[in-house]
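Residue numbers (the numbering used here): 142 to 542.
Only one structure is covered here, and it is reproduced in the block below.
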């Protein structure tokens, strides 16, 4: 129980500190609700982030909550994830590079009663982080310029309560209820003048998942999964703070209209002897987001994820290295953002290991992510690593029937 108390304490600390995390250094995170985060946490990050058809007894699957019905019946599981990444951006002849790293996710999950499984989690949804200087024309006098610094920070976090019910031997149904919250600060500084635009965002959101699992024989099984999330309004309140020397002024602004995108996804997983193969497809309607800059437009996203895992001898082996799982994956998607009408794509390669430790496993992943828009409008290269630690604490001393 000491581990459980420690886990709850970590959740409270993480909830308080999540908004302070620096998740990105992209100058384009100043648009919309920031840069959307993905692939920075989870046991399957090394497999390209596949999730819709994934299930096992230690996987807290919040992407498709129906997969929770495969969790161990006697243990409370927790998963803590961190990341490190080096980002490099090139746009219009200028470049920017930065190193970031932070906590990225915390999850707890287990069985409540026979057939009912639950989990709670804290994960990032979007992030804002940038600093750059620019020369701007003086209003009313375009022949004169002034130097200004632009700074952005903050983001939106997501607290999720996931529930799953084992309908039958083969069918599982799951639902996520999420609360999104966060603060974003966009600042422009010039000489003695500072203009801060502060946004507070919040929304209550739900999405559904279903899985069908069947074992054909001892060596062969498969799982099919599907998820759906509806379009939901995101409430954003705005305030502008102006500091000019010793003078301070606060101006309330009209609330901003944004929507969380509707999405659906399908996926499958095939397990044959020591191998696991998985494939996901997702459609995300990011065109529901609006931009305050005429150069920026949000587009719908099509995404494909492919993952492979090789697990030599499983948990029963006496050899450490035969208990190690070897994973790799690829993720390719269209860009959710266009600049001056220029579209593009994003491609990510992953590889990693799942290592056995006392009462759990450590999942590591290294990745290379490349996003490129047409005509050299924006090129982004990211090299990084994620680490997820999964711990199992005995919750039931006798197995529930």
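All residues carry an ideal CB built from backbone N, CA and C; glycine is no exception.
query	result
Same chain, Cβ closer than 6 Å to residue 259, neighbours up to 5 away in sequence not counted	253, 304
Beta bridge counterpart(s) of residue 497 as assigned by DSSP	502
Contact under 9 Å by Cβ, residue 183 with residue 529	yes
Contact check, residue 295 vs residue 206, beta carbons under 9 Å	no
Residue 506 beta carbon less than 9 Å from that of residue 463	no
Pairwise C-alpha distance: residue 307 and residue 269	39 Å
Residue interval of the beta strand (DSSP E) (run including residue 314)	312–331
Beta strand (DSSP E) segment containing residue 335, residue limits	334–356
Inside the segment 391–430 only - beta strand (DSSP E) runs reaching at least 3 residues	404–413, 416–425
Candidates 519, 345, 349: closest to residue 483 by CA position	519
Buried/exposed call for residue 331, threshold 16 Cβ in 10 Å	exposed
Contact the segment 323–342 vs the segment 351–365: 3+ CB pairs below 8 Å	no
Reference residue 313, options 171, 202, 479, closest by Cα	202
Beta-carbon spacing of residue 412, residue 361 below 9 Å	yes
Pairwise C-alpha distance: residue 474 and residue 443	6 Å
Cβ neighbours of residue 236 in the same chain (closer than 8 Å, five flanking residues each side left out)	229, 230
Other residues of its chain near residue 185: CB distance less than 7 Å, five sequence neighbours each side excluded	191, 192, 195, 448
Length of the line joining the Cα atoms of residue 508 and residue 285	45 Å
Nearest to residue 189 (by Cα), restricted to the options 419, 177, 366, 497	419
Cβ-based burial, residue 488 [other Cβ within 10 Å; buried from 16]	exposed
Three-state class that DSSP yields for residue 516 in the structure shown	helix
Start and end residues, beta strand (DSSP E) containing residue 468	466–475
Cα-Cα separation, residue 297 to residue 340	10 Å
Best match in 299, 328, 180, 293 for proximity to residue 347 [C-alpha to C-alpha]	299
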